[in-house]
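K.L.:
First residue of the sequence shown? That's 3 in the working numbering, and the numbers climb one at a time after it.
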Amino acid sequence: MIYFGPSRRLRLETYEQFRQRLLDETSAFIEWGLNNPSRVPRIPTHRVGVGDFSQRIKTFFWNYVFEQEFGPPGY
3 MIYFGPSRRL RLETYEQFRQ RLLDETSAFI EWGLNNPSRV PRIPTHRVGV GDFSQRIKTF
63 FWNYVFEQEF GPPGY
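If you want it as C-alpha coordinates, here you go:
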(Lines of atoms letter the chains of each structure in order from A and count residues from 1; the text may use other names and numbers.)
(Lines give C-alpha, C1' and ligand atoms only; values in the text may rest on other atoms or scores of the structure.)
Protein backbone atom coordinates (compact mmCIF):
# COMPACT_ATOMS: atom_id res chain seq x y z
CA MET A 1 0.00 0.00 0.00
CA ILE A 2 1.07 3.55 -0.58
CA TYR A 3 0.77 5.96 2.32
CA PHE A 4 1.67 9.62 2.66
CA GLY A 5 2.74 9.97 6.28
CA PRO A 6 2.43 13.07 8.45
CA SER A 7 5.58 14.45 6.82
CA ARG A 8 3.90 13.96 3.41
CA ARG A 9 6.65 11.61 2.34
CA LEU A 10 5.69 8.55 0.32
CA ARG A 11 5.89 5.31 2.31
CA LEU A 12 5.23 1.77 1.20
CA GLU A 13 3.59 -0.50 3.74
CA THR A 14 2.25 -4.03 3.81
CA TYR A 15 -1.41 -4.78 4.30
CA GLU A 16 -0.75 -5.70 7.95
CA GLN A 17 1.09 -2.41 8.56
CA PHE A 18 -1.76 -0.52 6.87
CA ARG A 19 -4.37 -2.36 8.94
CA GLN A 20 -2.49 -1.76 12.19
CA ARG A 21 -1.98 1.93 11.39
CA LEU A 22 -5.72 2.38 10.76
CA LEU A 23 -6.57 0.56 14.00
CA ASP A 24 -4.07 2.69 15.96
CA GLU A 25 -5.35 5.96 14.45
CA THR A 26 -8.99 5.00 15.06
CA SER A 27 -8.23 3.97 18.62
CA ALA A 28 -6.38 7.25 19.29
CA PHE A 29 -9.28 9.29 17.87
CA ILE A 30 -11.92 7.43 19.89
CA GLU A 31 -9.87 7.75 23.08
CA TRP A 32 -9.33 11.47 22.44
CA GLY A 33 -13.05 11.95 21.74
CA LEU A 34 -14.05 10.21 24.95
CA ASN A 35 -11.59 12.38 26.92
CA ASN A 36 -12.69 15.59 25.14
CA PRO A 37 -16.46 15.28 24.54
CA SER A 38 -16.92 19.05 24.24
CA ARG A 39 -14.62 19.10 21.19
CA VAL A 40 -16.49 16.40 19.24
CA PRO A 41 -19.40 17.59 17.10
CA ARG A 42 -22.86 16.25 17.86
CA ILE A 43 -24.27 14.49 14.81
CA PRO A 44 -27.94 15.42 14.30
CA THR A 45 -30.37 12.50 14.08
CA HIS A 46 -34.03 11.80 13.40
CA ARG A 47 -36.17 8.68 13.26
CA VAL A 48 -35.71 6.50 10.20
CA GLY A 49 -38.39 7.11 7.59
CA VAL A 50 -39.71 10.19 9.38
CA GLY A 51 -38.94 13.47 7.67
CA ASP A 52 -35.65 14.75 6.41
CA PHE A 53 -33.21 17.53 7.21
CA SER A 54 -33.60 20.72 5.24
CA GLN A 55 -30.91 21.58 2.72
CA ARG A 56 -29.94 24.51 4.95
CA ILE A 57 -29.28 22.24 7.94
CA LYS A 58 -27.33 19.76 5.79
CA THR A 59 -25.19 22.53 4.33
CA PHE A 60 -24.53 24.08 7.74
CA PHE A 61 -23.56 20.73 9.30
CA TRP A 62 -21.18 19.61 6.54
CA ASN A 63 -19.57 23.04 6.26
CA TYR A 64 -18.98 22.99 10.00
CA VAL A 65 -17.50 19.48 9.93
CA PHE A 66 -15.16 20.12 7.02
CA GLU A 67 -13.94 23.47 8.37
CA GLN A 68 -12.96 22.08 11.78
CA GLU A 69 -9.94 20.10 12.83
CA PHE A 70 -11.05 17.31 15.11
CA GLY A 71 -8.83 14.79 16.75
CA PRO A 72 -5.68 14.52 18.77
CA PRO A 73 -2.73 16.73 17.81
CA GLY A 74 -0.73 15.30 14.94
CA TYR A 75 -3.64 13.72 13.07
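Cβ atoms here follow ideal geometry from the backbone N, Cα and C, with glycine treated the same way.
Predicted model, so just to flag it, every value in this text is computed and none were measured.
Using 8 Å for Cβ pairs, my map puts Phe63 next to Pro46. What's the rounded Cβ distance?
P.N.:
Rounded, the Cβ-Cβ distance is 6 Å, consistent with contact.
K.L.:
By how many angstroms is the C-alpha of Gln22 removed from the C-alpha of Thr61?
P.N.:
About 34 Å.
K.L.:
Jot down the residue ranges of each uninterrupted alpha helix (DSSP H) in the segment 15-49, minimum 4 residues, whole runs only, in chain order.
P.N.:
Counting whole runs of 4 or more residues, the segment 15-49 contains the alpha helix (DSSP H) stretches 17-37.
K.L.:
Could you tell me the alpha carbon to alpha carbon distance between Val52 and Ile59, rounded to whole angstroms?
P.N.:
Rounded to whole angstroms, Val52 to Ile59 spans 16 Å at the Cα level.
K.L.:
On the DSSP letters alone, give me the boundaries of the alpha helix (DSSP H) that Phe68 sits inside.
P.N.:
It spans 57-69 - the alpha helix (DSSP H) in which Phe68 sits, taken as one unbroken run.
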